[in-house]
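K.L.:
Residue numbers (the numbering used here): 46 to 280.
Please read through the structure below; I'll follow up with questions.
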Amino acid sequence: MATYQLKIAHLYGDLMNTYGDVGNILAMDYYAKQMDTDISTQLVSLGDHFDPNDFDIIFFGGGQDFEQTIVAQDLPSKADAITEFIEAGGPTLAICGGFQLLGQYYIGADGEKITGTKSMSHYTKNQKDHRFIGDTIIKDEQTGEVYHGFENHQGMTFLGDDEAPLGVVSEGAGNNGQDGTEGVHYKNVYGTYFHGPILTRNGDIAKHLLVEALKRKYPNQDFSAQANMEIPATF
Ligand code: GLN
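Next comes the structure, spelled out in structure tokens:
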């Protein structure tokens, strides 16, 4: 058994799992092992109780509009607890549909408005008969880190004044194809339109999530070695 233990809540992982983004949990496990940390995961889905104190990391994957409407019906029962986790600095990875649903609202391709958890201030509008599809490259202006991904979304997300983008777009459409932003970095939430197992290509994001989670759970320990760990360019 490793010295440290972290527990991930996989929010609606049976519904929101487009492009195999469950691979992000395998990637976190891979990097956690190098940090002397064991990872456990619990699916938290429709009808399940979510207690923010039971978990160290939230992972909320991407999904199609159909699944998002199903999830949205259950979200009110968990919205306050998710917001509490985020506001307390809980490390969170949210991809595409998950990123959209942590915001104010999402308007689907058919115009239906879905209410999010309202944990964060961004909101997502729809566009007519068009999707943003293709490779994306962004740069985190604060850290200088460059992230690579693949996007496929119709939603156009606009960040709130209290939200920073995950990065500035150098290739691709990003949040909305207009303002050059991609994703969100708010407290310890990393939200993005990158699809699939993004942490296999962007291990620095996995490192940030894990180190923040370790610091919160073990406040008297020093995790500078983990924070300085070199992450290889590919998994
Ligand atoms: N259904 C959403 C959209 O099309 C999110 C898709 C996704 O998760 N990639 O914008």
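Yeah, the Cβ is synthetic: ideal placement off N, Cα and C, and Gly gets one too.
1. Per DSSP, which one or two residues make a beta bridge with I140?
2. Between which residues of its own chain and I276 is the CB-CB distance below 8 Å, once the five residues before and five after are set aside?
3. Apart from the five residues on each side of it in sequence, which residues of its chain come closer than 6 Å, Cβ to Cβ, to A139?
4. How should D81 be labelled, buried or exposed, when 16 other C-beta atoms within 10 angstroms of its C-beta is the threshold for buried?
5. Taking 9 Å as the CB-CB cut-off, is G248 touching chain D?
6. Report yes if the CB atom of L60 is closer than 9 Å to the CB atom of E112, and no otherwise.
7. Where do the ends of the alpha helix (DSSP H) carrying E112 lie?
8. Helix or strand or just coil, what does DSSP make of A133?
9. When DSSP builds the beta bridges, which residues end up paired with I102?
10. Using the C-alpha atoms, what's the distance from L71 back to I159?
11. In chain order, what residues of the same chain have a beta carbon less than 6 Å from the beta carbon of G225, not counting five sequence neighbours either side?
12. Can you say whether T86 is buried or exposed, counting buried as having 16 or more other CB atoms within 10 angstroms of its CB?
13. By how many angstroms is the C-alpha of D174 removed from the C-alpha of Q318?
14. With hydrogens ignored, establish whether the beta-carbon of N197 is closer than 8 Å to any heavy atom of the ligand MG.
15. Assign Y263 to one of three DSSP states: helix, strand, or coil.
16. Select from D99, Y151 and T114 the residue whose C-alpha is nearest the C-alpha of I127.
17. So, I183 versus L204, is the Cβ gap smaller than 9 Å?
18. Let me confirm a value: H230 is counted as buried when at least 16 other C-beta atoms fall within 10 Å, else exposed. Which label applies?
19. For the beta strand (DSSP E) containing Y150, name the first residue and the last one.
P.N.:
So, to answer that:
1. By one-based count along the sequence shown, residue 140 stands at place 95. The partner list for I140 (beta bridge, DSSP) reads T237.
2. Position 231 of the sequence shown, counted from the start, is the residue given in the question as residue 276. Correct list, in chain order: Y76, G248, D249, A251 and K252.
3. As a first step, residue 139 is located in the sequence shown; it is residue number 94 there, counting from the start. Result list for A139: F105, L147 and G236, in chain order.
4. The residue given as residue 81 occupies position 36 in the sequence shown. When all chains shown are included, D81 counts as exposed.
5. The displayed structure is made up of one protein chain only, and chain D is not part of it.
6. Here residue 60 corresponds to residue number 15 of the sequence shown, with the count starting at 1. Here residue 112 corresponds to residue number 67 of the sequence shown, with the count starting at 1. Yes, the Cβ-Cβ distance between L60 and E112 is below 9 Å.
7. Along the sequence shown, one-based indexing puts residue 112 at 67. Note, E112: alpha helix (DSSP H), D110 to D119.
8. Numbered from 1 along the sequence shown, position 88 holds the residue referred to as residue 133. If DSSP states are grouped into helix, strand and coil, A133 belongs with coil.
9. Translated into the one-based positions of the sequence shown, residue 102 becomes position 57. Looking at the DSSP assignment, I102 forms a beta bridge with I53.
10. The count along the sequence shown starts at 1 and reaches residue 159 at position 114. The count along the sequence shown starts at 1 and reaches residue 71 at position 26. Each residue's Cα considered, the two are about 30 Å apart.
11. Here residue 225 corresponds to residue number 180 of the sequence shown, with the count starting at 1. Here the set comprises V213 and V214.
12. Translated into the one-based positions of the sequence shown, residue 86 becomes position 41. Counting Cβ neighbours within 10 Å, T86 comes out buried, since at least 16 surround it.
13. Outside the shown range of the chain (46 to 280) lies residue 318, about which nothing can therefore be said.
14. Absent from the structure shown: the ligand MG. Ligands present: the ligand GLN.
15. Position 218 of the sequence shown, counted from the first residue, corresponds to residue 263. Three-state DSSP puts Y263 in coil, outside helix and strand.
16. To locate residue 127, count along the sequence shown from 1; it is residue 82. Here the closest residue by C-alpha is D99.
17. On the sequence shown, position 138 is the one that residue 183 refers to. On the sequence shown, position 159 is the one that residue 204 refers to. Contact flag unset, no.
18. As a working mapping, residue 230 is identified with position 185 in the sequence shown. The residue in question, H230, is buried, as its Cβ has 16 or more Cβ neighbours within 10 Å.
19. On the sequence shown, position 105 is the one that residue 150 refers to. Its beta strand (DSSP E) spans residues Y150 to I152.
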